[in-house]
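S.K.:
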């Protein structure tokens with residue numbers, strides 16, 4: 001779709017399906033044929049309301065899944081008027097995750113909230129890898145009601161080492177309660193020095209998770225994070241997502257920690 | 001190669017150029033300044049030499065012809081989109097050496113930062129530059145220390161007006177033919193350039209990340225009011241925000257625009273859900289300053305700041321960019337000690 005003459009003009013994409021996770025978070029299955037990777041994003045637009053960058057949460061032969069959280073002007077509008085409709089999109093943009101990096105050896109994924117969307121494809125690849133027992137995934141949500149991708153969680157739990165936790169829960173909840181960082185020290189790793197990690201979520205969660213991983217013995221260059229910034233264009237022009245000499249939309253949003261640790265803001 | 005002609009003869013040259021090109025130059029707008037009875041010098045289309053303001057620094061840079069403050073990208077009619085028509089007639093932009101250096105930074109972002117911007121490219125292809133010689137420095141200029149006092153080669157001719165004469169260095173056959181056609185006197189002409197500024201800056205080669213924690217930024221949290229004027233007058237600021245607007249008479253028809261944005265104004269980093277980065281003016285100043293004197297250079301090989309000093313001229317709080325550069329330099333030096 002990038003072959004279009006003007007890179008700012010969005011194309012129409014049919015909404016094939018809508019999966020409702022919570023009252024605020026839906027996954028929109030959009031018609032799309034083309035190359036893309038988990039961690040990349042599309043600029044989704046609703047004329048009159050504007051554009052918003054949305055990460056790819058699933059990839060199929062003729063579709064991409066976009067998990068949208070109803071938190072802003074554009075996403076509000078998407079939730080109001082989606083039935084039997086299309087959305088305008090352009091992309092995919094950004095580098096995304098190189099899933100192949102993580103399927104061999106030991107890998108840890110730490111994801112929080114909507115941060116699960118960009119790594120969903122990575123986790124699924126880990127679950128289907130040859131050594132799922134060496135794959136450890138810590139997923140955290142605010143509360144049991146905020147859980148996304150429930151079917152996937154069940155599937156992942158059956159195949160790999162999944163730690164599903166919530167920040168807080170009403171009394172009587174039988175699952176794990178606590179921040180994702182709580183579970184990092186006890187990860188049953190054979191060799192943290194060679195294990196790889198992916199961390200995606202709100203900035204404080206990423207900061208403390210990386211800290212925990214480093215304390216556990218992970219090497220900086222074996223950790224990848226995904227940065228969130230305002231992006232008006234996705235094309236390295238609008239300037240909003242720049243951090244130092246990097247443009248999150250072009251050079252990221254996925255960065256190796258050895259690079260991102262020096263991207264101060 | 002160059003020519004020396006009378007002002008009247010030079011007007012003939014402009015007239016002939018005007019048959020093919022629109023001429024875009026600094027113009028004094030009498031009484032249109034920000035305060036009562038003050039003028040403003042900004043860019044506009046001209047026909048004759050006397051239309052141009054050549055004795056003062058322009059308050060606003062030339063960049064609006066390439067990156068309009070508000071630019072319609074396309075129109076929506078229900079689900080259909082139509083690319084906006086653009087004025088892409090050929091134009092000659094008259095600017096000084098510092099501003100000609102600034103064009104490189106605009107090109108970096110719009111043509112060389114991975115993707116080519118189709119709107120910018122279309123206009124850029126129709127723009128040529130004419131150099132306004134600078135006989136002496138203006139207030140707040142620091143082009144010599146920035147290395148932008150001598151113009152790069154990509155101008156088609158220059159003008160230095162003194163007394164009744166105009167001297168032009170000519171680098172294009174097309175323009176040379178016009179001078180020849182009015183039997184202009186041939187002479188070797190070198191465009192005047194500034195060799196000394198009253199303001200000096202020193203930029204450190206390496207700026208360590210510890211500068212982020214330096215207390216030099218603190219004073220700007222109280223002094224800077226976040227008005228964004230510095231970004232608007234800067235010849236190298238390119239940031240924009242997308243904006244959708246729909247017509248009140250017909251809510252199904254509207255347009256998507258991009259409008260100039262400022263990293264100094266609150267809201268620049270806002271993300272959906274309420275997240276914000278760089279909340280204090282001190283942090284915003286740091287973001288801007290380091291971009292101009294370090295970050296852009298790391299990516300594209302040369303500094304963005306061209307030392308034109310317009311941001312200092314326009315600041316309502318009398319914040320001097322050149323002072324900040326020197327504070328960064330001092331802080332880095334102290335650190336190294």
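Residue numbers (UniProt numbering), protein chains in the order written: chain A, 1 to 265; chain B, 1 to 337. C-beta atoms are modelled at their ideal positions from N, C-alpha and C, and glycine is treated no differently.
1. Select from the stretch 37-57 of chain A all residues with a C-beta closer than 7 Å to any C-beta belonging to chain B, and list them in chain order.
2. State the DSSP-derived secondary structure class of residue 278 of chain B, mapped to helix, strand or coil.
3. Just checking, does the stretch 262-280 of chain B make contact with the stretch 78-91 of chain B on the three C-beta pairs under 8 Å criterion?
4. Under 9 Å between C-beta atoms, does residue 71 of chain A make it to chain B?
5. Which residue marks the beginning of the beta strand (DSSP E) containing residue 136 of chain A, and which one marks its end?
6. Checking 9 Å against the spacing of the C-beta atoms, do residue 74 of chain B and residue 93 of chain A come in under that value?
7. CB residue 75 of chain A to CB residue 27 of chain A, shorter than 9 Å?
8. What are the residues that DSSP puts in a beta bridge with residue 29 of chain A?
9. Leaving out five residues on either side along the sequence, give the residues of the same chain with a beta carbon under 6 Å from the beta carbon of residue 92 of chain B.
10. Hey, could you find the ends of the alpha helix (DSSP H) residue 206 of chain B is sitting in?
11. Give the C-beta separation of residue 165 of chain A and residue 176 of chain A to the nearest angstrom, bearing in mind that I take them to be a contact with Cβ-Cβ under 8 Å.
12. From the DSSP output, read off the bridge partner residues of residue 25 of chain B.
13. Run through chain B and tell me which residues come within less than 9 Å of residue 157 of chain A, C-beta to C-beta.
14. On the DSSP letters alone, give me the boundaries of the alpha helix (DSSP H) that residue 220 of chain B sits inside.
15. Consider the Cβ of residue 3 of chain A: report whether some Cβ of chain B lies at a distance smaller than 9 Å.
16. Can you list the residues of chain A that residue 269 of chain B reaches, using a CB-CB cut of under 8 Å?
17. Does the beta-carbon of residue 154 of chain B have 16 or more other beta-carbons within 10 angstroms, so that it is buried, or is it exposed?
18. So with Cβ pairs under 9 Å, would you call residue 162 of chain B a contact of chain A?
19. Is it buried or exposed for residue 331 of chain B, if we count other Cβ within 10 angstroms and need 16 for buried?
20. When you compare the stretch 215-231 of chain A with the stretch 57-65 of chain A, are there three or more beta-carbon pairs, one atom per stretch, that lie closer than 8 Å?
21. Along chain B, in chain order, which residues have C-beta atoms closer than 8 Å to that of residue 140 of chain A?
22. In whole angstroms, give me the CA-to-CA distance for residue 245 of chain B and residue 48 of chain A.
23. Just checking: is the beta-carbon of residue 26 of chain B within a distance shorter than 9 Å of some beta-carbon in chain A?
24. Could you give the DSSP three-state label for residue 120 of chain B: helix, strand or coil?
25. Kindly say whether residue 102 of chain B, judged by its beta-carbon, lies nearer than 9 Å to any beta-carbon of chain C.
26. For the candidate residues A/197, A/58 and A/78, whose alpha-carbon lies nearest to that of residue 37 of chain A?
27. Please state the DSSP three-state secondary structure of residue 137 of chain B.
28. Under 9 Å, Cβ to Cβ, is there at least one residue of chain B near residue 67 of chain A?
29. Taking its Cβ as the centre, do 16 or more other Cβ atoms sit within 10 Å of residue 111 of chain B, making it buried, or is it exposed?
30. With DSSP collapsed to three states, give me the class of residue 154 of chain B.
31. Which one or two residues does DSSP pair with residue 176 of chain A in a beta bridge?
M.R.: Reading it off the structure:
1. 47, 48, 49, 50, 51 and 52
2. For this step, residue 278 of chain B is matched to residue 278 along the second chain. Residue state, collapsed to three classes: coil.
3. Note that the stretch 262-280 of chain B does not touch the stretch 78-91 of chain B; fewer than 3 beta-carbon pairs, one per stretch, sit closer than 8 Å.
4. Position 71 of the first chain, counted from the first residue, corresponds to residue 71 of chain A. Yes, because at least one Cβ of chain B sits closer than 9 Å to the Cβ of residue 71 of chain A.
5. Position 136 of the first chain, counting from 1, holds the residue named residue 136 of chain A. Note, residue 136 of chain A: beta strand (DSSP E), 135-141.
6. Looking up residue 74 of chain B in the second chain gives position 74. Looking up residue 93 of chain A in the first chain gives position 93. It is not a contact, given that the beta carbons lie outside the stated cut-off.
7. Counting from one through the first chain, the residue named residue 75 of chain A turns up at place 75. Counting from one through the first chain, the residue named residue 27 of chain A turns up at place 27. No, Cβ-Cβ distance for residue 75 of chain A and residue 27 of chain A is not below 9 Å.
8. As a first step, residue 29 of chain A must be located in the first chain, where it is residue number 29. DSSP lists A/17 and A/65 as partners of residue 29 of chain A.
9. In the second chain, counting from the first residue as 1, residue 92 of chain B sits at position 92. Same-chain partners within the cutoff: 21, 23, 128 and 130.
10. Here the question's residue 206 of chain B lines up with position 206 in the second chain. No alpha helix (DSSP H) contains residue 206 of chain B, which DSSP labels as neither H nor E.
11. As a first step, residue 165 of chain A must be located in the first chain, where it is residue number 165. As a first step, residue 176 of chain A must be located in the first chain, where it is residue number 176. With a Cβ gap of about 4 Å, residue 165 of chain A and residue 176 of chain A count as contacting.
12. Counting from one through the second chain, the residue named residue 25 of chain B turns up at place 25. Answer is B/44.
13. Reading the first chain from its first residue, position 157 is the one you call residue 157 of chain A. Neighbours of residue 157 of chain A on chain B: none; closest Cβ ~28 Å, over 9 Å.
14. For the purposes of this step, residue 220 of chain B is taken as residue 220 along the second chain, with counting starting at 1. Per DSSP, residue 220 of chain B belongs to the alpha helix (DSSP H) from 218-223.
15. For the purposes of this step, residue 3 of chain A is taken as residue 3 along the first chain, with counting starting at 1. In this predicted model, residue 3 of chain A has a pLDDT of only 40, less than 50, meaning its place in the structure is not dependable; the value taken from the coordinates is given anyway. No, residue 3 of chain A does not count as interfacial toward chain B.
16. By 1-based counting over the second chain, the position of residue 269 of chain B is 269. Within 8 Å Cβ-Cβ: 229, 230 and 240.
17. Residue mapping note: residue 154 of chain B aligns to position 154 of the second chain, counting from 1. Label assigned to residue 154 of chain B: exposed.
18. Here residue 162 of chain B refers to the residue found at position 162 when the second chain is read from its first residue. No, because no Cβ of chain A sits closer than 9 Å to the Cβ of residue 162 of chain B.
19. As a first step, residue 331 of chain B must be located in the second chain, where it is residue number 331. Label assigned to residue 331 of chain B: buried.
20. Fewer than three beta-carbon pairs drawn from the stretch 215-231 of chain A and the stretch 57-65 of chain A are found closer than 8 Å, and the two stretches are therefore not classed as touching.
21. Taking the first chain and counting its residues from 1, the one referred to as residue 140 of chain A is at position 140. For residue 140 of chain A, there are no neighbours in chain B by C-beta distance under 8 Å, as the nearest C-beta there is about 17 Å away.
22. Counted from its first residue, the second chain places residue 245 of chain B at position 245. Counted from its first residue, the first chain places residue 48 of chain A at position 48. Residue 245 of chain B and residue 48 of chain A: Cα-Cα distance of roughly 6 Å.
23. Start at 1 with the first residue of the second chain, and residue 26 of chain B comes out as number 26. By this cut-off, residue 26 of chain B is not an interface position.
24. As a first step, residue 120 of chain B is located in the second chain; it is residue number 120 there, counting from the start. If DSSP states are grouped into helix, strand and coil, residue 120 of chain B belongs with the helices.
25. In the structure shown, chain C cannot be found, because the protein chains are A and B.
26. To locate residue 37 of chain A, count along the first chain from 1; it is residue 37. Comparing Cα-Cα distances from residue 37 of chain A to each of A/197, A/58 and A/78, the minimum goes to A/58.
27. Against the second chain, residue 137 of chain B aligns to sequence position 137. Coil.
28. Reading the first chain from its first residue, position 67 is the one you call residue 67 of chain A. It does not; no Cβ of chain B falls within 9 Å.
29. On the second chain, position 111 is the one that residue 111 of chain B refers to. Residue 111 of chain B should be labelled exposed.
30. Locating residue 154 of chain B in the second chain gives position 154, counting from the first residue. Here residue 154 of chain B sits in coil by DSSP.
31. As a working note, residue 176 of chain A is residue 176 in the first chain. DSSP, once it has assigned bridges, lists A/165 as partnering residue 176 of chain A.
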